[in-house]
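Trainee: Numbering (the working numbering) for the sequence shown: 913 to 1001.
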Amino acid sequence: MDKQELMQRLKDEIIKQLKLEGTKPESIGDHDPLFVEGLGLDSIDALELIVLLQQEYKIKLNNAEQGQEVFRSVSTMADFILEHQAKQV
């Protein structure tokens, strides 16, 4: 799976996981911030995204600082997942 496909999949999964009814995947920009001024996600949503990474991609975050970096945007999430998958090969 290439990065573009993964970002599209992540957008769909974020909408489903966070129950963002009315939000269309195409309305989420690849580099838009997920928290505060972007999608407006909060700390509860961050926990849901951590669960998403663990369930769908078998990835665990090491600390809160890593989470802030990873969950900055859909693009940074995709980069993190692809990097993790590359290490597994």
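Every residue gets a Cβ at the ideal spot worked out from N, C-alpha and C, and that includes glycine.
Classify V986 as buried or exposed, calling it buried when 16 or more other Cβ atoms lie within 10 Å of its own Cβ.
Mentor: Within the sequence shown, residue 986 is the residue found at index 74, counting from 1. Answer is buried; the Cβ neighbour count reaches 16.
Trainee: Would you give the residue range spanned by the alpha helix (DSSP H) that K999 belongs to?
Mentor: On the sequence shown, residue 999 is found 87 positions in, with the first residue counted as 1. Unbroken alpha helix (DSSP H) run through K999: 986-1000.
Trainee: On the criterion of 16 or more Cβ atoms from any shown chain inside 10 Å, does M989 qualify as buried, or is it exposed?
Mentor: Translated into positions along the sequence shown, residue 989 becomes position 77. Buried: at least 16 other Cβ atoms inside 10 Å.
Trainee: Extract the residue ranges of the alpha helix (DSSP H) inside the region 941-984, only unbroken runs of 4 or more that lie entirely within it.
Mentor: Correct list: 955-969, 976-982.
Trainee: Just how far apart, CA to CA, sit K936 and E968?
Mentor: Reading the sequence shown from its first residue, position 24 is the one you call residue 936. Reading the sequence shown from its first residue, position 56 is the one you call residue 968. If I take the Cα positions, the gap works out to 21 Å.
Trainee: What number of angstroms, rounded off, separates the C-alpha of I956 from the C-alpha of F947?
Mentor: Taking the first residue of the sequence shown as 1, we reach residue 956 at position 44. Taking the first residue of the sequence shown as 1, we reach residue 947 at position 35. Each residue's alpha carbon lies about 11 Å from the other.
Trainee: Excluding the 5 residues flanking Q966 on each side, which residues of the same chain have their C-beta closer than 7 Å to its C-beta?
Mentor: For this step, residue 966 is matched to residue 54 along the sequence shown. Around Q966: K972.
Trainee: Over what stretch of residues does the alpha helix (DSSP H) that includes K923 continue unbroken?
Mentor: The residue you call residue 923 lines up with position 11 of the sequence shown. Its alpha helix (DSSP H) spans residues 915-929.
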